[in-house]
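Please read the structure below before turning to the comments.
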Amino acid sequence: MVIEISHLTKQFKGKGGFVDISLCVAEGEVFSFLGKNGAGKSTFVRTLLGLLHADSGEARLLGQPIGHVDTRKQVGYLPELFQYHAWLTGYELLYNHGLLYKMAPKEIKARIPTVLKIIGLEGHDQKTIRQYSKGMKQRIGLGCAIISDPKILFLDEPTSALDPIGRKQVRDIIIDLKNEGKTIFLNTHLLSEVELISDRVAMMDRGRILKTGTMKELLQAPLLLTVGNVREELVNRLTAFDGQLKRTPQGFELNIENEEVLPKIAAAIISSGGLLYEMKRKDNALEKLFIDTVGEEDAR
Ligand SMILES: Nc1ncnc2c1ncn2[C@@H]1O[C@H](COP(=O)(O)OP(=O)(O)OP(=O)(O)O)[C@@H](O)[C@H]1O
Ligand SMILES: [Mg+2]
Numbered sequence: 238m239v240i241e242i243s244h245l246t247k248q249f250k251g252k253g254g255f256v257d258i259s260l261c262v263a264e265g266e267v268f269s270f271l272g273k274n275g276a277g278k279s280t281f282v283r284t285l286l287g288l289l290h291a292d293s294g295e296a297r298l299l300g301q302p303i304g305h306v307d308t309r310k311q312v313g314y315l316p317e318l319f320q321y322h323a324w325l326t327g328y329e330l331l332y333n334h335g336l337l338y339k340m341a342p343k344e345i346k347a348r349i350p351t352v353l354k355i356i357g358l359e360g361h362d363q364k365t366i367r368q369y370s371k372g373m374k375q376r377i378g379l380g381c382a383i384i385s386d387p388k389i390l391f392l393d394e395p396t397s398a399l400d401p402i403g404r405k406q407v408r409d410i411i412i413d414l415k416n417e418g419k420t421i422f423l424n425t426h427l428l429s430e431v432e433l434i435s436d437r438v439a440m441m442d443r444g445r446i447l448k449t450g451t452m453k454e455l456l457q458a459p460l461l462l463t464v465g466n467v468r469e470e471l472v473n474r475l476t477a478f479d480g481q482l483k484r485t486p487q488g489f490e491l492n493i494e495n496e497e498v499l500p501k502i503a504a505a506i507i508s509s510g511g512l513l514y515e516m517k518r519k520d521n522a523l524e525k526l527f528i529d530t531v532g533e534e535d536a537r
């Protein structure tokens with residue numbers, strides 16, 4: 238496991254922060270923390286980076302305790318709402334970050350073209366950060382996080398401030414990094430982001446993890462069937478697929494885990510004389526699960 242956390246707690250004078258978090262992230266996984274403002278996402282990441290001291294519990298990155306010197310170069314970090322020196326050029330910013338990672342000047346110079354390619358800022362590295370759009374700023378931030386070619390990346394709300402195009406660009410970079418084998422820990426409150434790029438997600442509220450699972454496990458959205466000419470035989474046949482099935486005004490709602498049975502359900506409806514008008518998964522499954530899990534009230 239690349240990230241191993243056991244009963245980790247960090248609070249501020251007994252308040253805020255996060256409490257008793259245990260989780261593991263495997264190599265190459267994209268793991269997302271999904272939580273409202275103030276849930277404790279940033280405090281958690283900052284603690285794993287050694288920027289805050291945990292009150293109790295254990296955490297290991299690449300098998301070493303937090304803050305271990307040898308692992309620092311292997312861990313990249315994109316902080317939330319970062320403000321970089323506006324007067325530096327993109328190149329200078331990347332270079333300075335390389336120095337912070339104690340890379341040799343030669344090594345940094347050799348690495349920068351690759352980083353610029355990954356973040357899509359080739360040809361823009363001589364502009365100052367002041368001249369960058371928000372999307373470009375966020376991408377140069379990602380560049381700083383990957384300058385040392387780290388194995389683990391902590392990205393704290395990498396797309397929150399961006400428009401849909403900027404979001405997609407950053408998302409595509411994250412997917413490329415995942416395909417390169419990086420392990421990515423993502424903080425976000427954007428459900429779309431979680432759905433599009435995460436392997437696993439933990440829903441967090443008031444410093445605690447309320448639910449964890451793979452996207453497949455969490456997104457077992459009910460199947461909605463619009464059916465006409467419903468007879469008893471049809472109901473009996475559908476009950477065999479889900480004993481708890483619900484009748485709806487249009488037809489049925491079933492909980493089906495295995496996609497392979499969908500054609501069988503369609504066949505059963507038709508062979509028992511039903512008219513199948515529509516078969517679909519319920520929309521907004523993740524949003525509904527998130528709201529059901531953390532509640533709608535404001536905890537900020
Ligand atoms: N330095 C601090 N001193 C005191 N309380 C803090 C400090 N940092 C965070 N907190 C509190 O801890 C809780 C979690 O904050 P944190 O910033 O980790 O949440 P978050 O999930 O990252 O929220 P956001 O989505 O707004 O970034 C909040 O209640 C916050 O007020
Ligand atoms: Mg935060």
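For the sequence shown, position 36 (counting from the first letter as 1) is numbered 273 according to my numbering, and the numbering increases by one without interruption.
All C-beta atoms, glycine included, are put in the ideal place defined by N, C-alpha and C.
For clarity, every value in this text was computed on a predicted model and none was experimentally measured.
Chain-order list of residues whose beta-carbon lies under 7 Å from that of residue i (same chain, five-residue window excluded)
i, result
"LEU399", "LYS371, GLY372, GLN375 and VAL407"
"LEU288", "none"
"THR476", "LEU482"
"GLY532", "none"
"TYR314", "LEU286, ALA382 and PHE391"
"THR530", "MET440, LEU447 and LYS448"
"LYS517", "LEU461"
"GLU266", "THR420, ASP436 and ARG437"
One or two residues paired with residue i in a DSSP bridge
i, result
"ASN568", "Look at the range of the chain in this structure, 238 to 537, and you will see that residue 568 is not part of it."
"PRO302", "ARG297"
"ASP442", "ARG445"
"THR246", "SER293"
"GLU241", "CYS261 and ARG297"
"THR564", "In this structure the chain extends from 238 to 537, so residue 564 is not present and cannot be described."
"VAL352", "VAL352 is not bridged to any residue."
"PHE255", "LYS247"
Close-in-space but distant-in-sequence residues of the same chain around residue i (CB under 6 Å, 5 per side omitted)
i, result
"VAL438", "SER269, LEU271 and VAL431"
"ILE349", "LEU331"
"ASP362", "GLY327, TYR328 and LEU353"
"LYS388", "GLN311"
"GLU264", "VAL239 and THR420"
Buried versus exposed call for residue i [16 or more other C-beta atoms within 10 Å across all chains shown]
i, result
"THR451", "exposed"
"TYR514", "exposed"
"PRO500", "exposed"
"GLY488", "buried"
"SER508", "exposed"
"PRO401", "exposed"
"ALA347", "exposed"
"ARG404", "buried"
"ASN495", "exposed"
"GLY378", "buried"
"ASN466", "exposed"
"LEU512", "exposed"
"THR308", "buried"
"VAL306", "exposed"
"SER194", "Lying outside 238 to 537, the shown extent of the chain, residue 194 is not represented and no answer is given."
"THR538", "Summary: the structure shown does not reach residue 538, with the chain confined to residues 238 through 537, and so no result is reported for it."
"LEU336", "exposed"
"LYS273", "buried"
"ARG537", "At ARG537 the pLDDT is 46, less than 50, meaning the model places this residue with poor confidence; the figure from the coordinates comes in the next sentence. Answer is exposed; the Cβ neighbour count stays below 16."
Own chain, CB closer than 8 Å to residue i, minus 5 neighbours either side, in chain order
i, result
"LYS364", "THR326 and GLY327"
"GLY253", "GLY275, GLY277, THR280 and GLY444"
"GLY428", "The sequence shown places Leu at residue 428, not Gly. The residues are LEU271, LEU523, GLU524 and PHE527."
"THR449", "LEU260, ARG437, VAL438, ALA439 and MET440"
"LEU471", "VAL464, ALA505, ILE506, SER509, GLY510 and GLY511"
"PRO582", "The structure shown has nothing for residue 582, since the chain only spans 238 to 537."
"LEU433", "ARG408"
| request: Evaluate contact between the region 283-298 and the region 239-249, counting only Cβ atoms and requiring at least three cross-stretch pairs below 8 Å. | output: For the pair of segments examined, the region 283-298 was found to touch the region 239-249: the number of CB pairs separated by less than 8 Å reaches three.
| query | Whose beta carbon lies closer than 7 Å to any heavy atom of ligand 2, going through the chain in order? | reply | Counting every residue whose Cβ lies closer than 7 Å to a heavy atom of ligand 2, we get LYS278, SER279, GLU317, ASP393, GLU394 and ASN424.
| request: Specify whether the region 313-322 and the region 385-397 touch according to this definition: at least 3 beta carbon pairs, one from each stretch, less than 8 Å apart. | output: With a cut-off of 8 Å, the region 385-397 and the region 313-322 count as touching, because enough Cβ pairs lie within range.
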